[in-house]
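Take a look at the structure below.
Take a look at the structure:
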């Protein structure tokens with residue numbers, strides 16, 4: 009499912025808002041989520057999961073073309089931990105054989 | 011690190027109210043549907059690709075040996091399907107720039 013399919017599915021499930029409004033809402037939600045992580049905060053959605061930042065220590069890497077050693081700085085990467093309901097629902101469908 | 015409150019569904023609904031002028035009931039419903047539609051898709055074993063943000067993928071894990079951490083008793087961890095999130099380039103670049111005081 010892509011972002012535009014997600015928008016279509018939400019449009020189909022509610023009566024009040026136009027497709028344009030739903031599209032803006034989905035884009036606003038995703039932008040706020042990105043912004044939250046970019047500012048170092050967490051996102052916590054009960055039954056879905058939480059997003060946080062994980063630290064990656066500085067390390068020595070290599071330029072794959074020249075083989076030269078380069079020092080890579082420490083950095084943060086986004087991490088998602090699925091919530092209980094998410095884990096159970098995703099796994100239940102496999103146990104049911106799909 | 012100065013721990014700013016985590017973003018929750020309430021914070022997202024508030025933003026839709028402030029920025030787009032949705033009424034509170036509509037805002038809450040859209041936020042619920044947003045997460046529920048993603049879950050339904052994953053439940054159907056369908057990957058999600060949200061450009062600029064990231065992908066939610068599904069992986070099937072084989073049974074593996076495990077242990078009850080309290081008793082030390084060996085119990086197999088059954089085969090299961092799990093969700094993984096792969097952040098997109100754009101999100102990774104935005105987060106990488108964060109020079110927090112963590113660590």
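Protein chains in written order, with the numbering used here: chain A, 9 to 106; chain B, 11 to 113.
In this text, a Cβ means the ideal position worked out from N, Cα and C, and glycines have one as well.
Here the structure is a predicted model, which is why all the values come from computation and not from measurement.
Interface flag, residue i vs chain A, CB-CB below 8 angstroms
| i | result |
| --- | --- |
| residue 20(B) | no |
| residue 95(B) | yes |
| residue 106(B) | yes |
| residue 90(B) | yes |
Rounded straight-line distance, which links the Cα of residue j to that of residue i
| i | j | result |
| --- | --- | --- |
| residue 19(A) | residue 21(B) | 22 angstroms |
| residue 113(B) | residue 14(A) | Because the pLDDT at residue 113(B) is just 42, under 50, the model does not fix this residue reliably, and the value given afterwards should be weighed accordingly. C-alpha separation (whole angstroms): 37 angstroms. |
| residue 19(B) | residue 26(B) | 11 angstroms |
| residue 91(A) | residue 74(A) | 44 angstroms |
| residue 38(A) | residue 78(A) | 34 angstroms |
| residue 58(A) | residue 98(A) | 16 angstroms |
| residue 77(B) | residue 88(B) | 12 angstroms |
| residue 37(B) | residue 51(A) | 18 angstroms |
| residue 103(B) | residue 81(B) | 43 angstroms |
| residue 10(A) | residue 64(B) | 10 angstroms |
8 angstroms Cβ cutoff, residue i in contact with chain B
| i | result |
| --- | --- |
| residue 52(A) | yes |
| residue 18(A) | yes |
| residue 48(A) | yes |
Residue i, buried or exposed, once every other Cβ within 10 Å from all chains shown has been counted against 16
| i | result |
| --- | --- |
| residue 31(B) | exposed |
| residue 49(A) | buried |
Any C-beta of chain C under 8 angstroms from that of residue i
| i | result |
| --- | --- |
| residue 21(A) | No chain C appears in this structure, whose protein chains are A and B. |
Going along the stretch 43–68 of chain B in order, which residues come within less than 9 angstroms of chain A, judged by CB to CB distance?
43, 44, 45, 46, 47, 48, 49, 50, 51, 52, 53, 54, 55, 56, 57, 58, 59, 60, 61, 62, 63, 64, 66, 68
Ranges of the beta strand (DSSP E) found wholly within the stretch 30–96 of chain B, counting only runs of at least 3:
58–60, 64–71, 74–77, 84–87
Relative to chain B, which residues along the stretch 62–88 of chain A have a C-beta separation below 7 angstroms, given in chain order?
63, 83, 84, 85, 86, 88
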